[in-house]
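> Numbering (mature numbering (1 follows the signal peptide of the UniProt record, and there is no 0)), first residue to last: -28 to -1, 1 to 232.
1) Is it buried or exposed, residue -1, if we count other Cβ atoms within 10 angstroms and call 16 or more buried?
2) Excluding the five sequence neighbours on either side, which residues of its own chain have a C-beta within less than 8 Å of the C-beta of residue 6, listed in chain order?
3) By DSSP's criteria, residue 157 is part of a beta bridge. Which residues make up the other side?
4) Along the alpha helix (DSSP H) that carries residue 117, what are the first and last residues, could you check?
5) Could you name the residues of the same chain whose beta carbon sits closer than 7 Å to that of residue 87, not counting the 5 residues immediately before and after it, in chain order?
6) Ordered along the chain, which non-local residues of its own chain (more than five positions away) have a Cβ less than 6 Å from that of residue 81?
7) Go ahead and label residue 169 buried or exposed: buried means 16 or more other beta carbons lie within 10 angstroms of its beta carbon, across all protein chains shown.
8) In terms of alpha-carbon separation, which member of 121, 44 and 110 lies closest to residue 77?
9) Where does residue 202 land, buried or exposed, given buried means 16+ other C-beta within 10 angstroms?
10) Consult DSSP for residue 169 and reduce its assignment to one of helix, strand or coil.
11) What is the C-beta distance between residue 223 and residue 70, in whole angstroms, given that I count them as a contact (C-beta under 8 Å)?
12) How big is the Cα-Cα spacing for residue 177 and residue 154?
13) Would residue 133 and residue 157 qualify as a contact pair, given that the criterion is a beta-carbon distance under 8 Å?
14) Specify whether the region 144 to 151 and the region 178 to 187 touch according to this definition: at least 3 beta carbon pairs, one from each stretch, less than 8 Å apart.
15) Tell me which residues share the same chain as residue 103 and place their Cβ nearer than 6 Å to its Cβ, disregarding the 5 neighbours each side in the sequence.
16) Excluding the 5 residues flanking residue 89 on each side, which residues of the same chain have their C-beta closer than 6 Å to its C-beta?
17) By the 10 Å Cβ neighbour count, where 16 or more other Cβ atoms means buried, how is residue 230 classified, buried or exposed?
18) Can residue 225 and residue 41 be called in contact, C-beta distance under 8 Å?
19) Considering only their Cβ atoms, is the gap separating residue 39 from residue 204 smaller than 8 Å?
20) DSSP three-state label for residue 19, please.
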């Protein structure tokens, strides 16, 4: 009986030590980015759990609620013939954007990548192979990031790469910390809709309405470039938002204007 008691004490002590050394938290928990959509001009809300882990790792998903400023971002995994039109609209409307690119996009659409930087836009890191970052090692993760940065510099001369976005919005504390240690700021988003199906277009009016009903001060807008919907809606979206008094700024402005 005494021996059994000692064994239980040892197990308890060991378990306690492990829990202190490796706390069961978001470190291991796979998280899928999500939020309560904004409506009627109210900001989107990710809730206390996501807000806490983002704040701890200096990650962001929206800007100040006190400024009518918007941040336009695109995720580009592959080219489907619509990015040139989007770039033309951005140039005509004098709107900055950030394009989060994968290795496939960098390799297969290099003329468009070069134009993005030439037109004054920012290239962000969307990983080389678009893996679930929570399933790979730190070394593999850093290699994913480094390959995108290196290829971007080779193509465009952009030496600095400050912003990163996890594939499919899947992350955990370890992913955020690893990226932060590598000098990146994670950029999530507060306006988005299902727009990534290249073979299921719903029309420019659909895209326009989905974007406009979610807009709020400080919104980080996530769009994809693979269907004609966003390409067809973008100019009207920008023009109508400008009429409402909104300005479009780049992500450097976003970092300086975080909600308190």
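Backbone N, C-alpha and C define an ideal beta-carbon position, used for all residues, glycine too. On a predicted model such as this, the values are computed, not experimentally measured, just so you know.
Inspection of the coordinates gives the following:
1) exposed
2) 18, 22 and 141
3) 135
4) 110 to 128
5) 59
6) 51
7) exposed
8) 121
9) buried
10) coil
11) 5 Å
12) 40 Å
13) no
14) no
15) none
16) 128 and 130
17) exposed
18) yes
19) no
20) helix
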